[in-house]
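The block underneath contains the structure these notes are about, expressed in structure tokens.
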Amino acid sequence: MLQALAYESYETEDVSATLKSIVVSGAPLDVNIVKACRERINVEDLRESYGMTELGGVCTWSYYGCNKLDTVGVPLPGMLMKVVNWETKKLCAPRQTGQLLVLGPQVMPNFYKNPKATTELFDSTGFVKTGDAAYYDENGFIYIMDRIKDIIKYKGTLVCPSEVESILRSHPGIDDCAVVGRQDHVAGEVPAAFVVKNSNHPLLASAEVRQHVSGKIAQFKELRGGVYFISEIPRNICGKIMRRQLKQYWDRERTTNKQETTNPQVAAVSKEKPRRSSTADSLKSMRNNSKARKQK
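Taking my numbering, I'd label the letters of the sequence shown as residues 1 to 296.
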């Protein structure tokens, strides 16, 4: 929703004079979107919080006037938090990424009639294993990176998709994006990006996208898995990226290639009626959106 608000402000230059405060929760908020909201929508107070159903709701908060753009704030009174290494389970030092664990009076005691799920949720000291990769700074502010299951494992090193996505969104030709791990028989996984083009940059090429990222992050985080242009990033009702659905792109690709190899008739049909490329789909969608905006 914030991205849509920021985008509309660029298109119409209609800056709201009444929207004063926004509190966001549900998924890590991109720094570029925060900047756009503060600069273009003139939001005086924009803060991000963190919570889970299992934690009883919100459990962190940023104080009014906080100038940190990418933090979910500090733990609420009564809440205890720690970040542990996901392999050794030892406590992480400030700015070291690990799994966020939470303990507090409103944390649920167990899953109803599901002892197995309850055991998997808590560690040996009663802290909830959130499944989120995070770190904290010297002042106790918490920073959420990604879901641990979404982190890309490249040759034993870890790549947080949100870090690469933040850099991608700083490109003026990119409206939205998502980074996922693509299977690789040598590296295990390689980062790949799905990109939605801005309507003012229809000729944006994958090489330009990769060049934009190169040099701004560590070399092992670069987009070795490629860049794929699509019309829309799939998200659930909470606005979270549906990365599993994006990964199915390659599953379909492998299935099609296998069918063409084993069945000459399938290959012949494929050659006669090639599937519309994702780039073409993206351009068509952007043209339709542009026409709709002009009609309004």
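C-beta atoms are modelled at their ideal positions from N, C-alpha and C, and glycine is treated no differently.
Rounded to the nearest angstrom, what separates H212 and K82 at their Cα positions?
Going by the C-alpha atoms only, they are around 35 Å apart.
Mark M145 as exposed unless 16 or more other C-beta atoms lie within 10 angstroms of its C-beta, in which case mark it buried.
M145 comes out buried.
Is any non-hydrogen atom of the ligand MG found closer than 6 Å to the C-beta of E189, if you look at the structure I gave you?
In terms of ligand content, the structure shown is empty, and the ligand MG therefore cannot be addressed.
Where does L168 fall in DSSP's three states?
Looking at L168 - three-state DSSP - the assignment turns out to be helix.
How long is the line joining the alpha carbons of N139 and D175, rounded to whole angstroms?
Those two C-alpha atoms are separated by around 33 Å.
On the CB-based measure, 16 or more other CB atoms within 10 Å of its CB, does I237 come out buried or exposed?
It is exposed - the Cβ of I237 has fewer than 16 other Cβ atoms within 10 Å.
Can you tell me which of the three DSSP states W250 falls into?
Three-state result, W250: helix.
Count the other CB atoms within 10 Å of the CB of V23; is the residue buried (16 or more) or exposed (fewer)?
Counting Cβ neighbours within 10 Å, V23 comes out exposed, since fewer than 16 surround it.
Once you ignore the five residues that flank G78 on each side, which residues in its own chain have a CB closer than 6 Å to its CB?
G104 and P105.
Check for me: the beta strand (DSSP E) holding P191 runs from which residue to which?
From DSSP, the beta strand (DSSP E) with P191 extends over G188 to K197.
List the whole-angstrom C-beta distance separating T118 from N110, where the pair is believed to meet the contact cut-off of C-beta under 8 Å.
4 Å between Cβ atoms; contact.
Please classify V72: does DSSP put it in a helix, a strand, or coil?
Note: V72 maps to coil in three-state DSSP.
Provide the residue span of the beta strand (DSSP E) that contains E222, from first to last.
Segment: none, E222 is in no beta strand (DSSP E) and carries neither H nor E.
Could you have a look at D150 and say whether DSSP puts it in helix, strand or coil?
Here D150 sits in helix by DSSP.
Going by beta-carbon coordinates alone, are V31 and C37 separated by less than 7 Å?
The answer is no: Cβ separation not under 7 Å.
State the beta-bridge partners of F229 as determined by DSSP.
According to DSSP, which records beta bridges pairwise, F229 is partnered with V195.
Three Cβ pairs or more, each shorter than 8 Å: is that satisfied between the region 172–191 and the region 148–160?
Output reads yes: the region 148–160 touches the region 172–191.
Okay, do the region 154–174 and the region 197–210 touch, 3+ Cβ pairs below 8 Å being the bar?
Cβ pair count under 8 Å is three or more, so yes.
State the Cα-Cα distance for the pair M1 and A218, rounded to the nearest angstrom.
Their Cα atoms are separated by approximately 31 Å.
Please give the ranges of any beta strand (DSSP E) in the region 83–126, keeping only runs that are unbroken, at least 3 residues long and fully inside the region.
Those beta strand (DSSP E) runs which fall completely within the region 83–126 and span 3+ residues are 98–103.
For A134, which residues in the same chain have their Cβ closer than 8 Å to its Cβ, ignoring the five residues on either side in sequence?
If we look at A134 and ignore the five residues flanking it on each side, its Cβ neighbours are V83, T97, G98, Q99, L100, I142, Y143, I144 and M145.
Can you tell me whether E208 is buried or exposed? The criterion is at least 16 other CB atoms within 10 Å of its CB, across all chains shown.
Exposed.
Where do the N-terminal and C-terminal ends of the alpha helix (DSSP H) with E54 fall, by residue?
That residue, E54, is in no alpha helix (DSSP H); it is neither H nor E in DSSP.
On a CA-only basis, which of E232, K221 and K129 is nearest L158? Give me that one, please.
Cα-wise, what sits closest to L158 is K221.
Which residues in the same chain as R210 place their Cβ atom closer than 8 Å to its Cβ, once the five residues preceding and following it in sequence are excluded?
Here the set comprises E222, L223 and V227.
Who does C238 pair with in a DSSP beta bridge?
Note: C238 sits in no beta bridge, so no partner.
Considering Cα atoms alone, identify which of C160, R169, I167 and M52 is closest to G181.
Taking only the C-alpha atoms, the option nearest G181 is C160.
Return the residue from the list I148, L55 and V34 that minimises the CA-CA distance to T47.
For the sequence presented, residue 47 should be read as Arg rather than Thr. Nearest C-alpha to R47: V34.
What distance in whole Å lies between the Cβ atoms of A192 and I233, which are believed to be in contact at a cut-off of 8 Å?
Incorrect: roughly 13 Å between the Cβ atoms, too far for contact.
Using the C-alpha atoms, what's the distance from D45 back to Y63?
Computed Cα separation, rounded: 10 Å.
Who does E48 pair with in a DSSP beta bridge?
Note: E48 sits in a beta bridge opposite V24.
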